[in-house]
Each structure stands twice: as C-alpha cells, then as structure tokens.
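When you line the sequence shown up against full-length UniProt numbering, it's residues 1 to 648, in that order. Note that the Cβ used here is the ideal one computed from N, Cα and C, for glycine as well.
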Amino acid sequence: MTDAVYPVPEDFAAKAHIDAAKYQDMYDASVKDPEAFWAEHGKRIDWIEPFTKVKDTNFKLGEVSIKWFEDGVLNVSANCIDRHLATRGEQTAIIWEPDEPDAEALHITYNELSEKVNRFANVLLSQGVMRGDRVVIYLPMIPEAAYAMLACARIGAIHSIVFAGFSPDALANRINDSEAKLLITADTAPRGGRRTALKSNADQALLHCSDKVRCLVVKHTGDQTTWVDGRDVDVKALMETASPDCPPRPMNAEDPLFILYTSGSTGKPKGVVHSSGGYLVYAAMTHQYTFDYHEGDVYWCTADVGWVTGHSYIVYGPLANGGTTVMFEGVPTYPDAGRFWAVCEKHKVNQFYTAPTAIRALMGQGNEFVEKYDLSDLKLLGTVGEPINPEAWNWYNEVVGKGSRPIVDTWWQTETGGHMLTPLPGATALKPGSATKPFFGVQPVLLEATTGEEIHETAAEGVLAIKDSWPGQMRSVWGDHERFEKTYFADYKGYYFSGDGCRRDADGDYWITGRVDDVINVSGHRMGTAEVESALVAHAKVAEAAVVGYPHDIKGQGIYCYVTLMNGEEPSEELRKELRTWVRTEIGPIAAPDLIQWAPGLPKTRSGKIMRRILRKIAEDDFGALGDTSTLADPSVVDDLIENRMNR
Ligand code: 6R9
C-alpha cells in the first residue's frame with residue numbers, strides 16, 4: 001500500500017517563511033554547524049547581555065550537561081511583553097474566550113498585558129517571592145494564568161503549573177517536591193457549564209504541605225470559598241493597589257524558567273526543568289515556522305496551560321513573537337459540538353492547533369456542526385499529543401480544512417520544550433499520520449531496540465532517539481539530576497531516548513508508532529501505568545493491580561486495570577465504581593479507569609515480574625498472539641484472564 005501524499009500548495013509556499021529549498025538549506029546548516037546556526041537564531045530574542053558561548057552539551061552518562069547561550073542574560077517576560085510595546089502596544093496579545101458562549105470575550109492588548117503582569121509581579125514580591133523560588137500555579141484557563149506565568153518570569157521565580165484537573169493529592173505532591181513557597185489558585189473553575197471547586201481542592205492539598213506555603217486566590221467566579229486568614233490572599237484586590245511598574249529582572253540563560261511534572265514509566269512524576277534562554281528561542285522559532293505565523297494572524301491552540309503545549313504554544317512562543325493568541329476556558333462540546341468552529345468564526349482564527357482525541361470526538365457528532373460556521377480565515381491546522389489515525393486526519397482535512405489547509409502533525413514531548421518532528425507547511429509534503437521531518441537542529445535516529453545500534457537504512461523501524469542537543473531540551477529533573485540521566489541517557493548510550501517507537505519510510509518521513517515503555521496516552525494526556533497501579537493498591541481492598549492501555553476509539557488509549565482483591569473481598573459492580581472514584585480522587589479525573597477486570601492472579605515470571613506483554617495482549621482482545629509464555633510461573637492464570645476479559 002502506498003501512503004497518500006499531499007504536496008505543498010504552491011500559493012502557500014509562495015507566501016510562507018520557509019519553502020522546500022530554504023528548509024533543506026537551513027536544515028543542512030543547522031546540523032553541519034550547530035554553533036553557527038544557533039548563534040544566528042539565538043538573536044531572534046532580546047538579550048540584556050548578549051551570549052558569547054552558544055552550545056555546551058554532553059550526552060555521556062554520568063556527565064550529562066546541557067547548556068545553551070550560557071553567558072547570555074535576558075528576561076523572558078520582557079521578551080514576551082516589553083519589547084513589543086513600542087510597535088504593537090495596542091495590538092491584542094491574548095483573546096480570552098470564556099466557557100459561556102454568551103459571556104463577553106476579552107481582548108487584552110500588549111499594553112494591558114504589561115500592566116497586569118507588572119502588577120502581578122509586584123504582588124508576588126510583596127508576598128516574599130524571590131528569584132529562584134518556586135511558585136505552583138493551579139488555575140483554570142483564565143488570563144490570570146498567563147499573568148501569573150509571566151509575573152514569575154519577570155522576577156525570576158520558577159513556576160510549576162499543575163493542571164486544574166489534578167486532585168488535591170497530586171497537587172500536594174507537586175508543591176512538596178518542588179518545595180514551593182506559594183500556591184496560586186482560583187475560587188472555582190467553570191468548564192462545560194459545570195464548576196470545579198479549585199480553592200477547596202487547594203485547601204485540601206495544603207493540609208499536607210508546610211504551613212509556610214501561602215495561597216493567592218483569583219476571585220474568578222465570585223463563588224464562596226473558605227478563607228484562611230494569614231494564609232489566603234485576594235490577588236485581584238492586591239493588584240489594584242500594586243504598582244504597574246516592576247522592572248524585569250536580568251536572568252541568566254540557564255536559569256530555570258519553569259518546572260512541569262510529567263509521567264514516566266516508573267516512580268513518581270518527574271519535575272521537568274526548562275531553561276530561560278534556549279527554551280524561549282526554541283519555542284518562539286518553532287511557533288513561527290511550524291505554524292507559518294505572520295504578523296497580525298490570530299492563532300489558537302486549544303491545549304490547557306497545565307500541559308507543555310500550553311506553555312510553549314499558548315503563552316511563550318506566540319507572545320515572544322508578538323502574536324495574538326487565543327485562550328479558551330471551555331471544552332469542545334459545550335454548549336454543543338460546534339464550539340471550536342464557532343470560536344474560529346467569531347475571532348477569525350488563522351491557525352488552529354488541537355489534539356487528535358478532540359478531532360475524533362467531534363467527527364462522531366456530524367459534519368453539520370462544522371458546516372454551520374464560516375471558517376474561511378483558517379490558513380493552517382495542526383495536531384499534537386498522539387498519533388493521528390488517517391480517518392481523523394481525512395475528516396480534519398476535508399470537513400474543517402475544506403481540503404486546502406496544510407495540517408502540521410507535530411511530534412514532541414514535555415522534555416523537548418518544542419516541536420521536534422513536524423512538517424513545515426510551506427516546505428513539506430504531508431502524509432496522514434506522519435510527523436514527517438525534523439525541525440532545524442534536530443537529528444533523529446532509529447535505534448535497534450535491543451542492541452542500541454543506530455539503523456542507517458532509510459526505510460526502517462526502531463526506537464526513536466535524538467543524537468545531539470537542541471536549545472529547547474530539558475536541563476534536568478528537579479532535585480534529581482541522576483534520575484534525568486538514568487531516564488533519558490542510560491538505555492542507549494550517547495543519545496537522548498524519547499521512549500517512543502518509530503518507523504521511517506523510504507522518503508525519510510517519520511511515523512511515530514507509540515510508546516515503547518509503560519507510559520500510556522489517554523486523550524493526549526500522558527500517564528504512567530505505575531501511577532494508576534499505586535493509586536489502586538493504596539485502596540484497602542486491593543492486594544495487587546496491573547494497568548495497561550488498550551485501543552479506544554475516542555481517547556486513543558483507554559485505561560485497563562487488572563485488580564486482585566485482598567483475601568475475603570468479593571468483587572462487585574459497586575466495588576468497581578468505588579475503585580474508579582478512588583483513582584479519580586487519588587490522581588484526577590483523567591486517570592479514571594475505563595475497564596476493571598477482577599484478576600484472581602496475575603501472570604508472573606518465576607522471579608515474580610508481572611508479564612505486561614501478556615496483559616496488554618489480553619486487553620487488546622488479541623490473545624491469539626500471546627507469544628512466549630514458557631517463563632510463566634503459573635500458565636493457568638492466563639486462561640482465566642482471557643475467559644473473563646473486558647474488551648471484546
Ligand atoms: C507535546 C506532548 C509526549 C508523548 C510522546 C508521544 C506522544 C506527542 C505526538 C505523539 C504521535 C504526535 N506524542 N505528539 N505521538 N504523534 N504528533 O504531547 O507532550 O504530554 O509530554 O507527551 O506524546 O508518545 O512521547 P507530552
């Protein structure tokens with residue numbers, strides 16, 4: 001079977017920043033002489049003191065160290081705000097679209113953004129937040145989330161955003177791991193017509209944290225909340241009296257800008273640390289070229305600022321480029337499945353970036369929800385977070401894009417800071433389901449999974465690794481550099497290992513095949529199966545649990561749990577419900593199990609290792625191909641699991 005290929009539309013290429021010839025020239029230059037390439041492109045942002053050193057990076061286990069522009073001095077918030085004021089102070093920086101379609105959208109100009117961020121920064125200072133301190137942000141998609149991020153950046157504090165869908169426990173763990181001084185939250189968060197009691201979650205979380213942690217509260221809805229005097233602070237009230245002038249603090253390029261916790265195959269979520277200089281250069285450059293962003297365009301990324309996509313492509317990338325970025329409080333299906341397209345029409349969106357899971361959910365609702373709206377301003381579509389299946393790609397292309405907008409399928413990770421494999425819309429022919437080619441400076445390689453040998457044939461399949469550093473790369477795991485080295489540089493010596501499997505076709509285009517570790521991708525959210533397992537076994541009635549992913553029509557992957565109960569406990573529908581609620585409260589709604597199978601025993605090797613390969617196969621309803629079961633301690637448990645499988 002040959003893959004469908006969509007050549008670059010000529011009129012698009014003619015107007016694009018990067019066409020095919022330019023891509024090839026720039027890419028070649030970027031890998032031949034990275035120092036020279038990034039010395040030039042590092043200048044796209046403003047430096048208080050220019051860098052003289054460009055790249056000092058080492059992937060050798062035991063010595064891993066990543067530094068870019070290391071003697072440069074800058075301020076990220078000044079790059080996202082101040083430097084635009086002279087030329088585009090009255091241009092809209094952020095369009096905020098509220099959950100309720102009839103409520104008023106906000107158009108926040110760069111001048112207004114400047115005033116808000118300066119005031120917010122002064123509030124942080126008044127609460128004793130200093131350079132290098134950690135500030136945890138637990139906010140919904142409201143402008144204050146962007147103000148808080150940029151205010152931290154302005155004074156050199158390190159923000160750590162916790163997605164508002166996470167539970168109090170998950171929030172407390174992240175506050176404690178980063179030893180944060182301050183938590184920023186809101187009273188309640190409207191989403192899809194319902195309200196989440198964020199402040200009440202924060203109250204519960206803070207019970208498990210140092211009593212020195214203060215809590216800034218954004219009164220967003222005005223809903224009543226509890227109030228702890230001496231700990232809780234009304235941010236909006238303080239902003240009114242704070243000075244609108246807070247000089248941006250000069251920061252070193254390598255000073256951390258933020259921490260973002262993400263799931264891995266083992267252990268607790270890790271605090272991914274990103275830098276100030278290299279990260280911003282990379283976020284801004286990828287935003288401009290991948291989306292072919294031009295002056296005056298209205299750009300919308302539907303992600304949440306709680307994920308890396310929201311960091312790089314709602315806030316830092318677009319604002320560093322002086323762009324107009326849409327921030328959406330709601331969900332794709334409220335008040336109905338036409339909301340995305342209603343917002344595109346209303347704000348004349350030019351670039352639209354979303355996740356395959358949203359596309360799959362919407363395509364099932366019928367084309368009339370799209371066709372009602374005028375989408376003629378759209379120039380480009382994008383996807384991120386998981387592989388996109390050709391059916392969803394075709395629907396996105398034909399129904400949303402009317403067959404004439406390029407679709408950029410961007411592969412990257414929390415760890416990479418920005419796009420790694422992606423078409424550039426004026427340069428790259430598209431293939432549904434392929435993230436196509438590397439971005440400038442990115443050297444992808446396929447490795448033989450078992451030997452770690454680099455595969456040099458063009459058409460091949462292997463695990464995906466990256467050969468050399470790029471400016472947006474994470475610098476460390478917060479508080480645990482050894483874990484950083486072990487996770488990404490130990491399995492395959494000398495490379496950054498992505499954890500993804502990948503195929504390269506005869507044209508050299510890359511196709512991500514999914515994770516090769518125990519990480520699953522549920523609705524584009526990354527989750528360690530180990531986290532769900534430890535939540536399950538924390539329940540008094542659960543003796544043991546094993547969690548795997550299985551194919552799910554809308555979510556991409558669903559969460560399949562095998563649960564062994566304590567002696568004497570009886571399985572029941574009620575207990576199933578109870579466990580589902582339990583995991584929701586332990587981790588958050590995104591981790592709620594889809595299927596729970598009672599497992600009297602789990603397939604184990606004689607040394608006691610759970611054989612997940614077998615559990616995955618059963619969950620996929622593909623037990624004809626169980627592979628080698630000869631190392632099982634008790635093969636009969638497998639028959640029982642097959643007999644009672646949940647996904648058939
Ligand atoms: C940005 C983001 C990273 C994991 C990654 C991979 C999967 C992301 C993808 C994709 C196929 C794409 N992934 N983009 N798979 N095609 N275009 O999603 O970061 O939450 O850290 O997830 O997501 O498996 O390793 P993060």
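Indicate whether Pro444 and Leu424 have their beta-carbon atoms separated by less than 8 angstroms. Here residue 444 refers to the residue found at position 444 when the sequence shown is read from its first residue. Here residue 424 refers to the residue found at position 424 when the sequence shown is read from its first residue. It is not a contact, given that the beta carbons lie outside the stated cut-off.
Roughly how many angstroms separate the alpha carbons of Met327 and Thr309, rounded to a whole number? Taking the sequence shown and counting its residues from 1, one reaches residue 327 at position 327. Taking the sequence shown and counting its residues from 1, one reaches residue 309 at position 309. Computed Cα separation, rounded: 12 angstroms.
Delimiting residues of the beta strand (DSSP E) encompassing Trp300: By one-based count along the sequence shown, residue 300 stands at place 300. Per DSSP, Trp300 belongs to the beta strand (DSSP E) from Val298 to Cys301.
Looking at the secondary structure, which residues open and close the alpha helix (DSSP H) in which Glu254 lies? One-based indexing of the sequence shown puts residue 254 at position 254. Note, Glu254: premise wrong, no alpha helix (DSSP H); not H, not E.
Taking Cβ positions, are Gln351 and Lys379 nearer each other than 8 angstroms? For the purposes of this step, residue 351 is taken as the residue at position 351 of the sequence shown. For the purposes of this step, residue 379 is taken as the residue at position 379 of the sequence shown. Yes, they are a contact pair.
Does the beta-carbon distance from Thr221 to Lys199 come in below 8 angstroms? On the sequence shown, residue 221 is found 221 positions in, with the first residue counted as 1. On the sequence shown, residue 199 is found 199 positions in, with the first residue counted as 1. No, they are not a contact pair.
Taking the runs of the alpha helix (DSSP H) that are 4 residues or longer, which of them lie wholly in the region 12-55? 20-32 and 34-41
Report the residue ranges of all beta strand (DSSP E) runs contained in full by the region 215-273; include only those spanning at least 3 residues, in chain order. 232-234 and 256-262
Can you list, in chain order, the residues of its chain whose CB lies under 7 angstroms from that of Tyr293, leaving out five sequence neighbours each side? Position 293 of the sequence shown, counted from the first residue, corresponds to residue 293. Only His287, Tyr299, Asn321, Gly323 and Gln351 meet the Cβ criterion.
Cα-Cα separation, Arg249 to Glu533: Numbered from 1 along the sequence shown, position 249 holds the residue referred to as residue 249. Numbered from 1 along the sequence shown, position 533 holds the residue referred to as residue 533. Each residue's Cα considered, the two are about 43 angstroms apart.
Gly624 versus Ala358 - alpha carbon distance: The residue you call residue 624 lines up with position 624 of the sequence shown. The residue you call residue 358 lines up with position 358 of the sequence shown. Their Cα atoms are separated by approximately 32 angstroms.
Is the CB-CB distance between Trp470 and Pro432 below 8 angstroms? As a position in the sequence shown, residue 470 is number 470, starting the count at 1. As a position in the sequence shown, residue 432 is number 432, starting the count at 1. Contact flag unset, no.
Looking only at its chain, what residues have a beta carbon closer than 7 angstroms to the beta carbon of Lys219, apart from the 5 residues adjacent to it on each side? Taking the first residue of the sequence shown as 1, we reach residue 219 at position 219. Within the same chain, Lys219 has close Cβ partners Asp187, Asp234 and Lys236.
Bridge partner(s) assigned by DSSP for Met327: Taking the sequence shown and counting its residues from 1, the one referred to as residue 327 is at position 327. Note: Met327 sits in a beta bridge opposite Trp96.
Would you kindly check if the distance between the Cβ of Leu206 and the Cβ of Cys215 is under 8 angstroms? Here residue 215 corresponds to residue number 215 of the sequence shown, with the count starting at 1. Here residue 206 corresponds to residue number 206 of the sequence shown, with the count starting at 1. Result yes, Cβ atoms of Cys215 and Leu206 sit closer than 8 angstroms.
Which of the three DSSP states, helix, strand or coil, is assigned to Trp341? Along the sequence shown, read from residue 1 onward, the residue named residue 341 stands at position 341. Note: Trp341 maps to helix in three-state DSSP.
Span of the alpha helix (DSSP H), counted from its first residue to its last, around Tyr496: For the purposes of this step, residue 496 is taken as residue 496 along the sequence shown, with counting starting at 1. Run containing Tyr496: none in the alpha helix (DSSP H); it sits in the beta strand (DSSP E), Tyr496 to Arg504.
Report yes if the C-beta distance between Val76 and Leu257 is below 8 angstroms; otherwise report no. Here residue 76 refers to the residue found at position 76 when the sequence shown is read from its first residue. Here residue 257 refers to the residue found at position 257 when the sequence shown is read from its first residue. Closer than 8 angstroms, so yes.
Do the region 401-409 and the region 492-499 make contact, defined as three or more Cβ pairs closer than 8 angstroms? no
Could you check if Gln413 belongs to the surroundings of the ligand 6R9, using beta carbon to heavy atom distance under 7 angstroms? Taking the sequence shown and counting its residues from 1, the one referred to as residue 413 is at position 413. At least one heavy atom of the ligand 6R9 is nearer than 7 angstroms to the Cβ of Gln413, so yes.
At least three beta-carbon pairs within less than 8 angstroms, the region 596-607 to the region 633-640: yes
Distance between Gly472 and residue 666 (C-alpha atoms, nearest Å): Lying before the first or after the last residue shown, residue 666 is absent from the chain, which here runs from 1 to 648.
With the cut-off set at 8 angstroms, would you say Ala157 and Leu124 are in Cβ contact? For this step, residue 157 is matched to residue 157 along the sequence shown. For this step, residue 124 is matched to residue 124 along the sequence shown. The answer is yes: Cβ separation under 8 angstroms.
Could you tell me how far apart the beta carbons of Gly528 and Ser263 are, in whole angstroms, since I believe they sit closer than 8 angstroms? Taking the first residue of the sequence shown as 1, we reach residue 528 at position 528. Taking the first residue of the sequence shown as 1, we reach residue 263 at position 263. That belief holds up - the Cβ atoms of Gly528 and Ser263 are roughly 4 angstroms apart, short of 8 angstroms.
Could you tell me the alpha carbon to alpha carbon distance between Thr631 and Gly558, rounded to whole angstroms? Position 631 of the sequence shown, counted from the start, is the residue given in the question as residue 631. Position 558 of the sequence shown, counted from the start, is the residue given in the question as residue 558. Answer to the nearest angstrom: the Cα atoms are 28 angstroms apart.
Give me, in chain order, the residues of the same chain whose beta-carbon lies closer than 6 angstroms to that of Asn111; leave out the 5 immediate sequence neighbours on both sides. Start at 1 with the first residue of the sequence shown, and residue 111 comes out as number 111. For Asn111, where only same-chain residues beyond five positions count, the Cβ hits under 6 angstroms are Gly89.
Ignoring anything shorter than 4 residues or poking outside the region 53-122, list the alpha helix (DSSP H) runs there in chain order. 83-88
Compute the distance between the beta-carbons of Gly271 and Gly462, then report whether it is under 8 angstroms. Counting from one through the sequence shown, the residue named residue 271 turns up at place 271. Counting from one through the sequence shown, the residue named residue 462 turns up at place 462. No, they are not a contact pair.
Could you name the residues of the same chain whose beta carbon sits closer than 8 angstroms to that of Thr109, not counting the 5 residues immediately before and after it, in chain order? Numbered from 1 along the sequence shown, position 109 holds the residue referred to as residue 109. Hits under 8 angstroms: Gly89, Glu90, Gln91, Thr92 and Ala93.
From Arg174 to Val281, what distance separates their C-alpha atoms? Working through the sequence shown from its first residue, we reach residue 174 at position 174. Working through the sequence shown from its first residue, we reach residue 281 at position 281. Going from the Cα of Arg174 to the Cα of Val281 covers about 27 angstroms.
First and last residue of the uninterrupted beta strand (DSSP E) at Pro444: Taking the first residue of the sequence shown as position 1, residue 444 is located at position 444. Here the beta strand (DSSP E) through Pro444 covers Pro444 to Leu447.
Leaving out the 5 sequence neighbours to the left and right, which residues in its chain are closer than 6 angstroms to Ala121 when beta-carbon positions are compared? The residue given as residue 121 occupies position 121 in the sequence shown. Ala151, Arg154, Ile155 and Cys246.
I'd like to confirm something about Val384: is its beta-carbon nearer than 7 angstroms to some heavy atom of the ligand 6R9, or not? Within the sequence shown, the letter at position 384 stands for residue 384. Answer for Val384: yes, Cβ within range of the ligand 6R9.
Sequence-distant residues of the same chain with beta carbon closer than 8 angstroms to Phe369, five excluded per side: Residue 369 sits at position 369 when you count from the first residue of the sequence shown. Counting only Cβ-Cβ distances below 8 angstroms, and skipping sequence neighbours, we find Asp336, Ala337, Gly338, Trp341 and Leu362.
Please indicate yes or no: does the CB of Ser265 lie closer than 7 angstroms to some heavy atom of the ligand 6R9? Along the sequence shown, read from residue 1 onward, the residue named residue 265 stands at position 265. No - the ligand 6R9 has no heavy atom lying nearer than 7 angstroms to the Cβ of Ser265.
Option in Tyr334, Ala105 and Ala202 with minimal Cα separation from Gln365: Stepping through the sequence shown from its first residue, residue 365 is reached at position 365. When each option's Cα is compared against that of Gln365, the closest is Tyr334.
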